Each structure stands twice: as C-alpha cells, then as structure tokens.
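All residue numbers for the sequence shown refer to my numbering, where the first residue is 155 and numbers rise by one.
Glycine is no exception: its CB is placed at the ideal position from the N, C-alpha and C atoms.
Note that the structure is a prediction, hence the values are computed from the model and not measured.
Accompanying notes for the structure given below.
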Amino acid sequence: MFNLILFGPPGAGKGTQSERLITKYNLVHLSTGDILRSEVAAQSALGIRAKELMDQGDLVPDEVVIGMIKTKLQDNPTATGFIFDGFPRTTAQAEALDALLRDLETSITMMIALEVSEEELITRLLKRGESSGRTDDQDRSIIQNRIEEYTTKTAPIKDHYSAQDKFHPLEGMGTIDEIFGRISGVIDPVI
Ligand code: ADP
155 MFNLILFGPP GAGKGTQSER LITKYNLVHL STGDILRSEV AAQSALGIRA KELMDQGDLV
215 PDEVVIGMIK TKLQDNPTAT GFIFDGFPRT TAQAEALDAL LRDLETSITM MIALEVSEEE
275 LITRLLKRGE SSGRTDDQDR SIIQNRIEEY TTKTAPIKDH YSAQDKFHPL EGMGTIDEIF
335 GRISGVIDPV I
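Here's what the structure looks like:
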C-alpha cells in the first residue's frame with residue numbers, strides 16, 4: 155500500500171492537491187475536515203458538538219477524529235492506499251494512526267509537507283471564505299487561531315515522522331501545477 159500524509163497549515167493547498175493525487179495514484183482521500191463538515195451538515199450528535207469548536211478554529215477532540223478515521227479505514231478494505239489530509243493534527247493522533255495502520259499490516263509511506271508563508275495563508279483563506287460559506291474562513295482572528303493551533307499542536311508532528319525518515323518538506327507557493335509537479339517528483343521514485 156501507499157499511504158501518504160499531506161501535511162501543512164490551513165490554506166496550504168492540501169485539499170486541492172489531494173484531488174489530483176487520488177486520480178493519478180488511485181488513492182482513497184480521507185479528509186477529517188470534510189468528514190466533520192458532512193457531520194455538521196447532517197446535524198448528527200457528533201456534528202453538533204464539533205461545529206462550535208470548528209467555528210472558533212479550535213481542534214476537535216482526538217478521540218472523535220481517531221474514531222472517524224478508524225471507521226473510514228474499515229470501510230475501505232480493498233484500497234491500495236490512502237491520502238490523509240488534515241489528519242493527524244496532534245502527536246496523539248499520529249500515534250493512533252500508526253497503531254491503526256499496524257493492525258492492517260501497513261504503515262505510513264511518507265509525509266509531504268506544503269510550506270507556505272503566513273501572509274499567503276491568510277490571503278488564500280479570506281479569499282476562499284468569500285465563496286466557501288465556511289465560517290472559519292471569514293474572520294481574521296479565527297484564521298489566526300487556526301494558524302496558532304497548527305503551530306503549537308500540529309507542527310510538532312514533523313518530528314514524529316522525521317524520526318521515521320518519512321518527512322518531506324516542499325515549497326507550497328507557486329501555481330497548482332508547479333506544486334503538483336513537486337509532489338509527484340517525491341512520490342514517483344518510491345511508488
Ligand atoms: P483547513 O482547511 O484549515 O486545513 P480542515 O478543513 O482540515 O481545515 O478542518 C477544519 C476544522 O475541522 C479544523 O479547524 C478543526 O476544528 C477540525 N478538524 C479537522 N481535522 C481535525 C483533526 N484531525 N483534529 C482535530 N480537529 C480537526
């Protein structure tokens with residue numbers, strides 16, 4: 155199996171690149187943000203609980219997202235690989251993911267991190283907020299909070315995968331095609 159973590163701060167372009175990667179490499183896309191937003195839209199108990207945190211730009215509890223990922227892995231027994239987008243977001247989530255994959259007798263192949271300046275992130279998110287309808291993209295202070303959550307809780311995961319020799323940082327500025335080319339350049343030699 156080929157299991158990729160596409161990593162980076164909010165607005166780094168993970169969703170955009172994931173869409174192309176699933177087609178090129180025949181992978182299943184697991185985005186915890188998308189799954190949570192569909193729970194919110196369905197007004198499930200989980201969605202109602204998560205909405206308040208998401209609207210403020212805070213992370214939802216680890217056990218909630220770990221449970222969601224576990225279910226999605228079980229739902230896709232014939233997948234030849236996964237892209238994890240927006241997960242893991244804490245070291246506890248990374249450890250849980252490693253354990254879940256171990257149970258399936260597989261593991262993370264690599265983590266590719268898209269690096270984008272904070273100024274560019276804020277510009278992209280505010281622009282997306284004009285059309286996405288996402289409350290968390292429409293307010294500068296909520297965006298700042300998401301970047302802060304990323305810096306304090308999520309960025310340290312780099313160390314977890316560096317220690318396993320799986321961490322690949324990439325320039326995330328440029329055109330969508332240029333960035334896709336850079337990502338493919340890292341994946342193609344190992345797939
Ligand atoms: P972004 O576009 O900022 O990368 P996502 O769409 O991935 O954001 O996630 C939106 C929100 O959903 C986050 O701000 C957070 O509240 C929640 N969320 C998504 N994934 C996770 C996760 N793995 N752990 C905790 N909270 C999460």
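Item to complete: Figure out for me which residue from D313, T234, D212, A195 has the closest Cα to the Cα of E249.
Response: One-based indexing of the sequence shown puts residue 249 at position 95. Nearest option by C-alpha distance: D313.
Worksheet entry | alpha helix (DSSP H) runs wholly inside the stretch 298-327, at least 4 long, in chain order | 311-316
Fill in: Alpha-carbon to alpha-carbon, G162 and P323
Walking along the sequence shown from the start, residue 323 turns up at place 169. Walking along the sequence shown from the start, residue 162 turns up at place 8. Cα to Cα, the separation comes out at about 9 Å.
Worksheet item: Roughly how many angstroms separate the alpha carbons of D239 and I297, rounded to a whole number?
Response: Here residue 239 corresponds to residue number 85 of the sequence shown, with the count starting at 1. Here residue 297 corresponds to residue number 143 of the sequence shown, with the count starting at 1. Taking the straight line from one Cα to the other gives about 18 Å.
Worksheet entry | Nearest-angstrom Cβ-Cβ length linking I223 and T177, presumed shorter than 8 Å | In the sequence shown, counting from the first residue as 1, residue 223 sits at position 69. In the sequence shown, counting from the first residue as 1, residue 177 sits at position 23. I223 to T177, Cβ: 22 Å. No contact.
Worksheet entry | Whole runs of the beta strand (DSSP E) within the stretch 176-227, excluding any shorter than 3 residues | 182-185
Worksheet item: For the ligand ADP, is there a heavy atom less than 8 Å away from the beta-carbon of L207?
Response: For this step, residue 207 is matched to residue 53 along the sequence shown. Under cutoff, so the answer is yes.
Practice prompt. Under the assumption that G326 contacts G201 (Cβ atoms under 8 Å), give the Cβ distance between them as a whole number of angstroms.
Written response: Position 172 of the sequence shown, counting from 1, holds the residue named residue 326. Position 47 of the sequence shown, counting from 1, holds the residue named residue 201. Contact flag wrong, Cβ pair sits at about 30 Å.
Fill in: Neighbourhood of L181 by C-beta, 8 Å cutoff - its chain only, sequence neighbours within 5 removed
Residue mapping note: residue 181 aligns to position 27 of the sequence shown, counting from 1. Excluding sequence neighbours, L181 sits near F156, L158, L175, A233, T234, G235, F236, I237.
Discussion item. So the candidates are A195, Q247, Q228; which of them puts its Cα closest to the Cα of V219?
Written reply: Taking the first residue of the sequence shown as 1, we reach residue 219 at position 65. Taking only the C-alpha atoms, the option nearest V219 is Q247.
Discussion item. Is it buried or exposed, D290, if we count other Cβ atoms within 10 angstroms and call 16 or more buried?
Written reply: Here the question's residue 290 lines up with position 136 in the sequence shown. Buried: at least 16 other Cβ atoms inside 10 Å.
Worksheet item: Got a sec? Which residues, its chain only, sit under 7 Å from Q292 by beta carbon, not counting five neighbours each side?
Response: Position 138 of the sequence shown holds residue 292. Here the set comprises G283.
Worksheet item: So D252 packs on I266, CB below 8 Å; how close in whole Å?
Response: Taking the sequence shown and counting its residues from 1, the one referred to as residue 252 is at position 98. Taking the sequence shown and counting its residues from 1, the one referred to as residue 266 is at position 112. Not confirmed; about 17 Å, so no contact.
Discussion item. On the CB-based measure, 16 or more other CB atoms within 10 Å of its CB, does V344 come out buried or exposed?
Written reply: Position 190 of the sequence shown, counted from the start, is the residue given in the question as residue 344. V344 comes out exposed.
Worksheet item: Count the other CB atoms within 10 Å of the CB of G339; is the residue buried (16 or more) or exposed (fewer)?
Response: The residue labelled residue 339 in the question sits at position 185 within the sequence shown. Classification for G339: exposed.
Worksheet item: Could you give the distance in angstroms between the alpha-carbon of I311 and the alpha-carbon of E302?
Response: Counting from 1 along the sequence shown, the entry for residue 311 is found at position 157. Counting from 1 along the sequence shown, the entry for residue 302 is found at position 148. For I311 and E302, the distance between alpha carbons rounds to 15 Å.
Discussion item. Ignoring anything shorter than 3 residues, give me the beta strand (DSSP E) runs that lie fully in the stretch 224-290, in order along the chain.
Written reply: 235-239, 264-269
Discussion item. Please classify G328 as buried or exposed, where buried requires at least 16 other C-beta atoms within 10 Å of its C-beta.
Written reply: On the sequence shown, position 174 is the one that residue 328 refers to. Exposed, by the Cβ-count rule.
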